[in-house]
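Colleague:
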Amino acid sequence: LYVDQPLGEGASVTLESQQANYLGAVLRLGPGAQIKLFDDRSGEWLAEIVEAGKKRVTLRIVQQLREREAVPDLWLAFAPIKKGRIDWIAEKATELGVARLVPVITQRTIVDRLNGERLLAHMIEAAEQCERTALPELAEARKLDALLKDWPAGRTLYFADEMGGEPFAPAATPGPAAILIGPEGGFTDAERAAIRALPEARPVSLGPRILRADTAAVAAVSLWMGAAGD
Ligand code: SAM
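In the UniProt record's numbering, the protein residues as written are 15 to 244.
(1) For E105, count neighbouring C-beta atoms within 10 Å of its own C-beta (all shown protein chains included) and say buried if the count is 16 or more, exposed if not.
(2) Could you check the C-alpha separation between A204 and D164 for me, to the nearest Å?
(3) In this structure, does DSSP put S56 in helix, strand or coil?
(4) Just to confirm, are L115 and A153 a CB contact at a threshold of 8 Å?
(5) Go through its chain and collect everything with a Cβ distance to A208's Cβ below 8 Å, but skip five positions before and after it.
(6) What residues are listed by DSSP as bridge partners for A66?
(7) For the alpha helix (DSSP H) containing A227, list its first residue and its last residue.
(8) Return the first residue and the last residue of the beta strand (DSSP E) that I119 is part of.
(9) Helix, strand or coil: how does DSSP classify T170 here?
(10) Is K163 helix, strand or coil when you go by DSSP?
(11) Can T187 and E214 be called in contact, C-beta distance under 8 Å?
(12) For my contact list, E179 and P217 are in at a C-beta cut-off of 8 Å; report their separation, rounded to the angstrom.
(13) Among Q33, A140, F92, V64, which residue has its Cα nearest to the Cα of V235?
(14) Is G57 closer than 8 Å to L80 when the C-beta atoms are compared?
(15) Let's see if you can read the secondary structure: which residues bound the beta strand (DSSP E) around A185?
(16) Count the other CB atoms within 10 Å of the CB of T28; is the residue buried (16 or more) or exposed (fewer)?
(17) In the structure shown, what three-state DSSP assignment does E105 receive?
(18) Might you give, ordered along the chain, the residues of its own chain that have their beta carbon closer than 7 Å to the beta carbon of G46, omitting 5 neighbours on each side?
(19) Helix, strand or coil: how does DSSP classify V17 here?
(20) Can you tell me which of the three DSSP states I95 falls into?
(21) Pair every Cβ in the region 67-80 with every Cβ in the region 32-52, then say whether three or more of these pairs are closer than 8 Å.
(22) Would you say the beta carbon of A47 comes nearer than 7 Å to a heavy atom of ligand 1?
(23) Does the separation of the CB atoms of E176 and I224 fall below 8 Å?
(24) Give the secondary structure of E131 by DSSP, where H, G and I count as helix, E and B as strand, and everything else as coil.
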């Protein structure tokens, strides 16, 4: 379970509301039961339930199990798409080990689908299911031109462009990187030109077929992780 409180040897942890309910009512765990917790800061810890109520469960930290994992320095910048599909992108990016998700508002993005709370909940659930010890960051949604204006120097921006680009073959030891995926309606020509004008931009192709934005996101991240993700 992810807990948003610092964990450490001998620390005591209090879980409330749905986490307490999950442990107490759903899993019906009681005192003495042990579970694994992570705080996205100090790694993964074994914790033992001290008392379990319907609304509140208190635990004691027994020992550290794992250090926080090293997260590859890859960002996924994506234009928000249909609600269910954007949740799916957030889950898959978390499973694949992306360091940061950056929602990008483009001309053809229908913005009213972006709910950070909900996305974060999907990311936490995906991290718990894959027993990760780190969470991706979820950045504030940015307009494309603002994102490009203060793009961090030296961070390669692999721009997934179905209108043509180099076959995507990331180097095995890349520096800081980001992948940019457009919305269902694609980028406008002006946006495409603005992105390509960025010195760090590398237009890449994911093959001759037009992929759905969520498919493109997972395909591109997987290619990068396969080459450079550890
Ligand atoms: N222009 C597309 C069309 O004609 O349907 C709409 C955009 S596509 C559905 C969504 C996004 O996925 C694109 O903006 C691009 O970032 C990415 N994408 C899809 N297929 C791709 C490909 N073969 N190579 C690179 N990127 C691709």
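In this text, a Cβ means the ideal position worked out from N, Cα and C, and glycines have one as well. Keep in mind it's a predicted model, so treat the numbers as computed, not measured.
Modeller: In terms of the structure at hand:
(1) buried
(2) 18 Å
(3) Of the three classes helix, strand and coil, the one that applies to S56 here is coil, per DSSP.
(4) Between L115 and A153, the C-beta spacing is below 8 Å.
(5) L158, D159, L162
(6) V71
(7) 227-242
(8) 114-119
(9) strand
(10) helix
(11) no
(12) Before going on, a small fix: residue 179 reads as Gly here, not Glu. Indeed they touch by this definition, with Cβ atoms about 3 Å apart.
(13) F92
(14) A quick correction: the sequence has Arg, not Leu, at residue 80. Yes; because the gap between Cβ atoms is below 8 Å, this pair is in contact.
(15) Run containing A185: none; DSSP gives neither H nor E here.
(16) exposed
(17) In this structure, DSSP gives E105 a helical state, which the three-state scheme calls helix.
(18) E62, I63
(19) The three-state secondary structure of V17, taken from DSSP, is coil.
(20) Of the three classes helix, strand and coil, the one that applies to I95 here is coil, per DSSP.
(21) yes
(22) no
(23) yes
(24) helix
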